[in-house]
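Colleague: Could you have a look at this structure, given as structure tokens, before my questions?
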Amino acid sequence: MNWPVPELPEVETIVRDLRPELTSRLIENPRLFYSDVLYGVTSRKLLAGLRGRRIVEVFRRAKHAVFLLDSGVRLIIQPGMSGVMLVYRGSPSAAEQRYAVLTAELSGGSTFMYRDVRRLGTILLLDEQGWRAYTARIGPEPLADDFRVADLAARLGGSRQAVKKVIMDQHRLAGVGNIYANEALFRARIDPSLPADRLDPSQVARLYRSIRTVLSQAIASQGTTFRDYRTGTGARGSFQFRLHVYGREGRPCRRCGATLAMTHSIDGRATTFCWRCQAVRSLNDA
DNA sequence: ACGAGGTCCTGCGAGC
DNA sequence: TGCTCGCAGGACCTCG
Numbered sequence: 064m065n066w067p068v069p070e071l072p073e074v075e076t077i078v079r080d081l082r083p084e085l086t087s088r089l090i091e092n093p094r095l096f097y098s099d100v101l102y103g104v105t106s107r108k109l110l111a112g113l114r115g116r117r118i119v120e121v122f123r124r125a126k127h128a129v130f131l132l133d134s135g136v137r138l139i140i141q142p143g144m145s146g147v148m149l150v151y152r153g154s155p156s157a158a159e160q161r162y163a164v165l166t167a168e169l170s171g172g173s174t175f176m177y178r179d180v181r182r183l184g185t186i187l188l189l190d191e192q193g194w195r196a197y198t199a200r201i202g203p204e205p206l207a208d209d210f211r212v213a214d215l216a217a218r219l220g221g222s223r224q225a226v227k228k229v230i231m232d233q234h235r236l237a238g239v240g241n242i243y244a245n246e247a248l249f250r251a252r253i254d255p256s257l258p259a260d261r262l263d264p265s266q267v268a269r270l271y272r273s274i275r276t277v278l279s280q281a282i283a284s285q286g287t288t289f290r291d292y293r294t295g296t297g298a299r300g301s302f303q304f305r306l307h308v309y310g311r312e313g314r315p316c317r318r319c320g321a322t323l324a325m326t327h328s329i330d331g332r333a334t335t336f337c338w339r340c341q342a343v344r345s346l347n348d349a
């Protein structure tokens, strides 16, 4: 079975679960167990930046969980593909401590833990200016009220690369990873290998709707869990039961019954699709 | 600008 | 049964 990555819906779910547990808490005793997840900050600076600070806001940007501290500094955790963020009442057990990357005792007696088995996740600590520069390089939020079809069209228009690769490019569009790219393209009945600038207006409109629908439905289902991902309360998501293509290669299309195919020819990542519904002509190695 | 490929990391499962 | 090895993946990087 393929292993999912926390994408936008999973991080949104985590953030919603963590927000009431973390907001207004003091970070009393931060501990870092692996420094290879740090990006642009040393262990010493990270811990010094966290110790004694109060968490004033918890929110999501793209696939990042962002913790705004009372110093104006932001702790940013991107959970990579196996990252989990949890709050324990009291202290976690030794078993729960396994694979812990960052833990922090909080005022009120609870403990925050970022756990990441494969440590492909990233931790950043950015001041106001650093954050502004960082977020400016990420594309627009597809679920934002002011994100329109024209914005998606503009993001696709300048690229001859495969549309699947383009919608997964975080600099063009925020939060869409492999699972939801596959699902959105299937639901929009678009060939994932189609060059992005070759989509006609009706295809762009369908893709716009399918991206927003699939992300919204996944949030409502608390995300997709195959093995690693857990919500902020440790529960499993349930969107895996509503997937149409991801992880279903060799099985019948839910829409037309044709056998779903899989290829790695787009950016080396697993692309699952229906030849018939998505009118795919040229993908090989499937 | 674009594609291809390597790097990070660990658990798992296929294959011998 | 016990081992090795390839694969999974996002983001970032270099090379051609």
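Using our numbering, read the first sequence as starting at 64 and increasing by one per residue.
Note that beta-carbon positions come from the ideal geometry of N, C-alpha and C, so glycine has one too.
1) Let's see if you can read the secondary structure: which residues bound the beta strand (DSSP E) around residue 90?
2) Measure the Cβ-Cβ separation of residue 136 and residue 173 and say whether it is below 9 Å.
3) Quick one: is the Cβ of residue 258 within less than 8 Å of any heavy atom of the ligand SAH?
4) Return the Cβ separation of residue 286 and residue 235 in integer angstroms, given the expectation that the two are a contact with Cβ distance under 8 Å.
5) So what's residue 70 in DSSP terms, helix, strand or just coil?
6) For the beta strand (DSSP E) containing residue 148, name the first residue and the last one.
7) If we call anything under 9 Å between Cβ atoms a contact, is residue 295 one with residue 76?
8) Leaving aside the five residues before and after residue 314 along the sequence, list all residues of the same chain whose C-beta is less than 8 Å from its C-beta, in chain order.
9) When the Cβ atoms of the stretch 130-145 are set against those of the stretch 176-196, are three or more pairs found closer than 8 Å?
10) Shortest alpha-carbon distance to residue 278 belongs to which of 256, 302, 168, 261?
11) Roughly how many angstroms lie between the CA atoms of residue 349 and residue 326, to the nearest whole one?
12) Please classify residue 64: does DSSP put it in a helix, a strand, or coil?
13) May I ask you to list the residues that DSSP assigns as paired with residue 83?
14) Going by DSSP, which residues form a beta bridge with residue 186?
15) Per DSSP, which one or two residues make a beta bridge with residue 215?
16) What does residue 163 pair with, by DSSP beta-bridge criteria?
17) Just tell me which of 268, 339, 152, 231 has its CA closest to the CA of residue 176.
18) Would you decide whether residue 255 is buried or exposed? Buried here means 16 or more other CB atoms lie within 10 Å of its CB.
19) Can you give me the start and stop residues for the beta strand (DSSP E) that residue 374 sits inside?
20) By Cβ distance below 8 Å, which residues in the same chain neighbour residue 267 in space, the five residues on each side in sequence not counted?
21) In the DSSP assignment, find the alpha helix (DSSP H) that holds residue 198 and state where it starts and stops.
22) If you compare alpha carbons, which of 159, 80, 276, 233 is closest to residue 248?
23) In the structure shown, what three-state DSSP assignment does residue 168 receive?
24) So residue 293 is in the alpha helix (DSSP H); what residue range does that whole segment cover?
Modeller: For this structure:
1) In the first sequence, counting from the first residue as 1, residue 90 sits at position 27. It spans 90-95 - the beta strand (DSSP E) in which residue 90 sits, taken as one unbroken run.
2) Residue 136 sits at position 73 when you count from the first residue of the first sequence. Residue 173 sits at position 110 when you count from the first residue of the first sequence. It is not a contact, given that the beta carbons lie outside the stated cut-off.
3) Of the ligands one can find in the structure shown there are none, so the ligand SAH has no counterpart to examine.
4) Counting from one through the first sequence, the residue named residue 286 turns up at place 223. Counting from one through the first sequence, the residue named residue 235 turns up at place 172. About 23 Å; that fails the 8 Å criterion.
5) For the purposes of this step, residue 70 is taken as the residue at position 7 of the first sequence. DSSP places residue 70 in coil when its eight states are reduced to three.
6) Taking the first sequence and counting its residues from 1, the one referred to as residue 148 is at position 85. Segment 146-152, the beta strand (DSSP E) holding residue 148.
7) Position 232 of the first sequence holds residue 295. Position 13 of the first sequence holds residue 76. Yes, the pair counts as a contact, with Cβ atoms nearer than the cut-off.
8) Indexing the first sequence from 1 puts residue 314 at position 251. The answer, listed in chain order, is 322, 323.
9) yes
10) Residue mapping note: residue 278 aligns to position 215 of the first sequence, counting from 1. Just measuring C-alpha positions, the residue of 256, 302, 168, 261 sitting nearest residue 278 is 302.
11) Here residue 349 corresponds to residue number 286 of the first sequence, with the count starting at 1. Here residue 326 corresponds to residue number 263 of the first sequence, with the count starting at 1. With a pLDDT of 43 at residue 349, under the threshold of 50, the modelled position of this residue cannot be trusted; read the value that follows with caution. Their backbone Cα atoms lie some 4 Å apart in a straight line.
12) As a working note, residue 64 is residue 1 in the first sequence. Summary for residue 64: the model assigns pLDDT 32, below 50, so the residue's position carries little reliability; its value from the coordinates is reported in the next sentence. Residue 64 falls in the coil class under three-state DSSP.
13) Against the first sequence, residue 83 aligns to sequence position 20. Per DSSP, none; premise fails for residue 83.
14) Reading the first sequence from its first residue, position 123 is the one you call residue 186. The partner list for residue 186 (beta bridge, DSSP) reads 101, 140.
15) For the purposes of this step, residue 215 is identified with residue 152 of the first sequence, where counting begins at 1. For residue 215, which the question treats as bridged, DSSP gives no partner whatsoever.
16) To locate residue 163, count along the first sequence from 1; it is residue 100. Answer is 178, bridged to residue 163.
17) The count along the first sequence starts at 1 and reaches residue 176 at position 113. The option with the nearest alpha carbon to residue 176 is 152.
18) Reading the first sequence from its first residue, position 192 is the one you call residue 255. Residue 255 comes out buried.
19) Shown here, the chain extends from 64 to 349; a query on residue 374 therefore has no answer.
20) Position 204 of the first sequence, counted from the first residue, corresponds to residue 267. These residues qualify, in order along the chain: 212, 215, 216, 219.
21) In the first sequence, the residue the question calls residue 198 occupies position 135. Per DSSP, residue 198 belongs to the alpha helix (DSSP H) from 191-199.
22) Your numbering for residue 248 matches position 185 in the first sequence. Of the listed residues, the one whose Cα sits closest to residue 248 is 276.
23) If you number the first sequence from 1, residue 168 lands on position 105. Reduced to three states, the DSSP call for residue 168 is strand.
24) Taking the first sequence and counting its residues from 1, one reaches residue 293 at position 230. Careful: residue 293 lies outside any alpha helix (DSSP H) and carries neither H nor E.
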